[in-house]
Amino acid sequence: MTTYDIEKACQALFVEQHDKSPHQYLTDDFTVPDNAVFVDVGAAEGNMSLKLVEKAKKVYIIEADPTWRPALEATFEPWADKVEIICKYASDTSNANEISVDSLFEKEGRIDFIKIDVEGAEEKVIHGSVNTIKSSANTLKLALCTYHKDGDAEKFSQLLKSYNFKISFSDGYMIFPYSETYPKPPYLRKGLIRATLTPAYN
């Protein structure tokens with residue numbers, strides 16, 4: 035990879051999380067609290083975890099693609115005492131190749147924020163987080179991608195509302211040209227849901 039390639043990749047990451055991007059996970063009003071237990075589901079290069087690692091109590095990085103592991107280990111080596119890199123698929127069960135958010139909740143006893151961006155497998159991850167959602171004694175926030183599959187925005191908004199989350203969508207729309215149905219409508223899809231569940235609503 036050339037210097038130009040690296041710079042181009044970094045610029046793409048910055049654009050993705052720009053204030054006006056429909057893929058922006060966090061806003062001034064939707065943040066990860068200090069001393070949080072943060073689960074980065076579908077971490078890729080770990081950009082979001084890197085942004086939050088200093089103020090987090092614990093960071094779980096879940097990334098199934100093994101090609102990312104050496105870079106993730108090098109990046110987060112200074113915080114090895116509080117960052118755990120898990121090279122498995124995030125799912126609704128836990129085994130040799132998969133892991134659920136609920137299994138991390140059972141281990142940690144608390145999760146404050148979950149980011150989910152897993153190329154269309156988001157529904158399985160949510161189903162693997164149900165115990166976390168139902169048992170959480172603290173405010174729980176989700177940043178959940180909705181653009182990978184047709185209908186996910188509506189499906190996930192209804193599902194999260196059924197668990198008493200307060201939800202909002204990111205601004206704008208996205209085009210996802212890698213879908214099995216593209217270029218069939220809908221051409222434009224909502225990027226992600228920001229959801230908050232407080233104990234008072236449990």
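Quick note on numbering: the numbering used here labels position 87 of the sequence shown as 121, and the sequence is numbered without any gaps. Quick reminder that beta carbons are idealized off the backbone N, C-alpha and C, glycines included.
With a 10 Å radius around its C-beta and 16 neighbouring C-beta atoms as the bar for buried, classify residue i as buried or exposed.
{"i": "residue 233", "result": "exposed"}
{"i": "residue 36", "result": "exposed"}
{"i": "residue 192", "result": "exposed"}
{"i": "residue 108", "result": "exposed"}
{"i": "residue 206", "result": "exposed"}
{"i": "residue 97", "result": "buried"}
{"i": "residue 224", "result": "buried"}
{"i": "residue 143", "result": "exposed"}
{"i": "residue 204", "result": "buried"}
{"i": "residue 196", "result": "exposed"}
{"i": "residue 222", "result": "exposed"}
State the CB to CB distance for the pair residue i and residue j, rounded to an integer number of angstroms; the pair is presumed to be in contact (CB under 8 Å).
{"i": "residue 231", "j": "residue 167", "result": "7 Å"}
{"i": "residue 165", "j": "residue 190", "result": "Not quite, the Cβ-Cβ distance comes to about 18 Å (not below 8 Å), so this is no contact."}
{"i": "residue 243", "j": "residue 67", "result": "No statement about residue 243 is possible, as the shown extent of the chain runs from 35 to 236 and does not include it."}
{"i": "residue 137", "j": "residue 128", "result": "4 Å"}
{"i": "residue 157", "j": "residue 182", "result": "Wrong, their Cβ atoms sit about 10 Å apart, outside the cutoff."}
Where does the unbroken alpha helix (DSSP H) through residue i begin, and where does it stop?
{"i": "residue 107", "result": "103 to 110"}
{"i": "residue 187", "result": "186 to 196"}
{"i": "residue 237", "result": "With the chain represented from 35 up to 236, any question about residue 237 goes unanswered, as that position is not in the structure."}
{"i": "residue 153", "result": "Counting along the chain, residue 153 falls outside any alpha helix (DSSP H), and DSSP gives it neither H nor E."}
{"i": "residue 165", "result": "164 to 169"}
Note the first and the last residue of the continuous beta strand (DSSP E) segment covering residue i.
{"i": "residue 200", "result": "200 to 203"}
{"i": "residue 138", "result": "Looking at the DSSP string, residue 138 is not in any beta strand (DSSP E); the run it does join, the alpha helix (DSSP H), is 135 to 142."}
{"i": "residue 230", "result": "226 to 231"}
{"i": "residue 175", "result": "174 to 179"}
Report yes if the C-beta of residue i is less than 7 Å from at least one heavy atom of the ligand FAD; otherwise report no.
{"i": "residue 189", "result": "The ligand content of the structure shown is nil, which means the ligand FAD is not present either."}
### Query
Can you find at least 3 beta carbon pairs, one from the region 72 to 85 and one from the region 139 to 149, that sit closer than 8 Å?
yes
### Message
My parser needs the beta strand (DSSP E) runs of 3 or more residues fully inside the region 54 to 124; what are they?
### Response
71 to 75, 92 to 96 and 117 to 120
### Query
Quick one: any contact between the region 61 to 73 and the region 84 to 93, if contact means 3 or more CB pairs under 8 Å?
yes
### Task
Say whether the region 111 to 127 touches the region 168 to 187, bearing in mind that this needs 3 or more beta-carbon pairs closer than 8 Å, one atom from each stretch.
no
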